[in-house]
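A.B. asks: Residue numbering for the sequence shown follows the working numbering, starting at 502 and increasing by one per position. Sharing a structure below in structure tokens format, with a few things to ask.
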Amino acid sequence: MLCIGLALAFASAQAQDAGALQAADPAHAGSAPPPLRLPDPGSADAQAQPADIAAARAIWQRANARVAEFPRGHIDLLRQEAGDTGPAATPGASAPPPLDLAQALRLSLRQRPELFTHADMNPLALAQVRVAYAVHVRELQRTWIDAVTTRQRARLLADMLDATRTGSELGRRMVVAGNWSQARQVREQLLEASAWQAAVAAQGEALAAQEQLAQRLGLWDATDVARLGERLPESLPAPPPTPSPGPGLDAGSIEAAALRSHPSLALERIEAQRQRAALGDDRRAAWQRAVEAALDALPDPGSAPTPPHIGNLSLLRDHTLERAVETDAKLLRLAAERRAMARQAWAHLQVQHAAALHAQNVVGPLQASLAQETLLRYNGMLQSSWELLASARERLASLDAAQQARRGFWLAQADWQALLAGADYAGSATAPSSTGGGSAAPAGH
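Here it is in structure tokens:
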């Protein structure tokens, strides 16, 4: 069994090397990327109005008769005329294998031999590799999360474009029947144009995120990269009921955990203890008095920017004192930074978790109830088609906001896990940016 395992590992390594040689060979063209399919941009042409009253009445009567054939009027009519425009499933086509985070991590590590620990590593080198590995895992998680989120957002904004386009087409028919002015139709066309821009931008962001993930996974063939999106899940998982700092941790122990995970802080503390033991108490006290005197003589911040000054040459020429003071200051800065990172990362994780749950458990159900009520009133002929379409757009915008909040939580979770593994805190830049910072599309009327 061991021989078989070694043979498989060797074959995998050979395949990887061959792939690297092919990817770097200009003579190997590779497969062409699939054509980019953008939605129809629409038109700025104005719809001509009926020539006279008789023509308008005839058009209006035919339109009413046609609409009366459908239970829900205009919306069902437009859907029936549009038909099923979705891509047809290919019979017998096998779906690509799903790609979760664990599988993505294994693929990415094939291109990162420096992140493997070795049997002959000293403790400091081992800790440094572990920190580099934590950073790699965090960045891979961020890239995977963005790839999933942008793909879902592109689908939502495509649906929003469809809803806006339905309103534009309905407005065009109202102009034909003589019930609308061209000015009102132009407003619908502007809404459609804005929705088209948002949908195309979202599609571009999804493609860019997919390419970023492909780079981290070592995928270079255009066909493999194009199928990467099909391997991703439809959406991110729901956040847990409560945020957890980790096994065996609570809010009171997060700072200690952040200190323990740092690769060199324990060594820095030992060195500071050694320097302190080699220095007499009288010399340290003399240094503290000199520092206090220099700070007392410091001018006000609004005056000349003069730094504090120490003139005692006997203190300044004591190299043992100098090393002890510098080691202490460095240790304090590092410890304070790690503790602040722990508090900031934990607070940010809780905020993002609360926002994700609120969007999921409060805003989402409210929007669903509103959409259902609007649909019921529309079926009862108490609300217009425009109100129904506006409700659909609001519902899609709410879903987009909810998935952006979910993205923020999982990015904060990745930052927190990396901090506990020894990496620095990446900051609170996990709020929606390129994947959701802009407006999804105008809400309409």
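Ideal Cβ placement from N, Cα and C applies to all residues, glycine included.
1. Is it buried or exposed, ALA830, if we count other Cβ atoms within 10 angstroms and call 16 or more buried?
2. Report buried or exposed for ALA752, applying the criterion of at least 16 other Cβ atoms within 10 angstroms of its Cβ.
3. Identify the continuous alpha helix (DSSP H) that holds LEU858 and give its terminal residues.
4. Below 6 angstroms CB to CB, which residues in the same chain sit around HIS854 once its five sequence neighbours on both sides are set aside?
5. Please list, in chain order, all residues of the same chain as TRP697 whose beta carbon is under 7 angstroms from its beta carbon, the five residues on each side excluded.
6. Leaving out the 5 sequence neighbours to the left and right, which residues in its chain are closer than 8 angstroms to ALA707 when beta-carbon positions are compared?
7. Pick from LEU720, ALA715, ALA620, SER892: whose alpha carbon is nearest that of GLY520?
8. Identify every run of the alpha helix (DSSP H) within the region 681-762, keeping only runs that are complete inside it and at least 4 residues long; order them along the chain.
9. Secondary structure at GLY520, three-state DSSP: helix, strand or coil?
10. For ASN947, name the three-state secondary structure that DSSP assigns.
11. Quick one: what does DSSP say ALA925 is sitting in, helix, strand or coil?
12. Alpha carbon to alpha carbon, how far is THR821 from LEU796?
13. For MET675, which three-state DSSP category applies?
14. Could you tell me which of GLU689, ASP783, SER762, GLN690 sits nearest to ALA635, measuring between CA atoms?
15. Alpha carbon to alpha carbon, how far is ALA778 from LEU833? Give it in angstroms, no decimals.
16. With distances taken between CB atoms, is the gap from GLY668 to GLU689 smaller than 8 angstroms?
17. Verify whether the separation of the beta carbon atoms of PRO738 and PRO599 is less than 8 angstroms.
18. Could you tell me which of PRO806, LEU718, ARG673, ASP601 sits nearest to ARG732, measuring between CA atoms?
19. DSSP three-state call for GLN612: helix, strand or coil?
20. Is the Cβ-Cβ distance between THR724 and LEU692 less than 8 angstroms?
C.D. replies: So, from the data block:
1. On the sequence shown, residue 830 is found 329 positions in, with the first residue counted as 1. By the neighbour-count definition (other C-beta atoms within 10 Å, threshold 16), ALA830 is an exposed residue.
2. Against the sequence shown, residue 752 aligns to sequence position 251. Under a 10 Å Cβ-count criterion, ALA752 is classified as exposed, with fewer than 16 other Cβ atoms of the shown protein chains found around its own Cβ.
3. Start at 1 with the first residue of the sequence shown, and residue 858 comes out as number 357. LEU858 -> alpha helix (DSSP H) spans 820-859.
4. By 1-based counting over the sequence shown, the position of residue 854 is 353. Residues of the same chain with a CB within less than 6 angstroms of the CB of HIS854, apart from the 5 flanking positions on each side, are PRO740, PRO744, PHE910 in chain order.
5. Locating residue 697 in the sequence shown gives position 196, counting from the first residue. If we look at TRP697 and ignore the five residues flanking it on each side, its Cβ neighbours are PRO540, PRO542, GLY543, LEU662.
6. Taking the first residue of the sequence shown as 1, we reach residue 707 at position 206. Closer than 8 angstroms at Cβ, skipping near neighbours: ALA648, THR651, ARG652, ARG654, ALA655, GLY730.
7. What you label residue 520 is simply residue 19 of the sequence shown in a count that begins at 1. Checking every option, the nearest Cα to that of GLY520 belongs to LEU720.
8. Counting whole runs of 4 or more residues, the region 681-762 contains the alpha helix (DSSP H) stretches 683-718, 723-732, 755-762.
9. Residue 520 sits at position 19 when you count from the first residue of the sequence shown. The answer is helix: DSSP assigns GLY520 an H, G or I state.
10. Given that the chain is displayed from residue 502 to residue 946, the structure contains no residue 947 and the question cannot be resolved.
11. Walking along the sequence shown from the start, residue 925 turns up at place 424. Here residue 925 is Asp; the residue named in the question, Ala, does not match the sequence. Collapsing the DSSP output to three states places ASP925 in coil.
12. Here residue 821 refers to the residue found at position 320 when the sequence shown is read from its first residue. Here residue 796 refers to the residue found at position 295 when the sequence shown is read from its first residue. Going from the Cα of THR821 to the Cα of LEU796 covers about 23 angstroms.
13. Taking the sequence shown and counting its residues from 1, the one referred to as residue 675 is at position 174. MET675 falls in the helix class under three-state DSSP.
14. Counting from one through the sequence shown, the residue named residue 635 turns up at place 134. The option with the nearest alpha carbon to ALA635 is SER762.
15. By one-based count along the sequence shown, residue 833 stands at place 332. By one-based count along the sequence shown, residue 778 stands at place 277. Note on geometry: alpha-carbon atoms of LEU833 and ALA778 lie some 17 angstroms from one another.
16. As a first step, residue 668 must be located in the sequence shown, where it is residue number 167. As a first step, residue 689 must be located in the sequence shown, where it is residue number 188. Their beta carbons are under 8 angstroms apart, which means GLY668 touches GLU689 by this criterion.
17. Here residue 738 refers to the residue found at position 237 of the sequence shown. Here residue 599 refers to the residue found at position 98 of the sequence shown. Result no, Cβ atoms of PRO738 and PRO599 do not sit closer than 8 angstroms.
18. Here residue 732 refers to the residue found at position 231 when the sequence shown is read from its first residue. Sorting PRO806, LEU718, ARG673, ASP601 by C-alpha distance to the C-alpha of ARG732 places ASP601 at the top.
19. Counting from 1 along the sequence shown, the entry for residue 612 is found at position 111. The answer is coil: DSSP assigns GLN612 none of H, G, I, E or B.
20. Here residue 724 refers to the residue found at position 223 of the sequence shown. Here residue 692 refers to the residue found at position 191 of the sequence shown. Taking 8 angstroms as the Cβ cut-off, THR724 and LEU692 do not qualify as a contacting pair.
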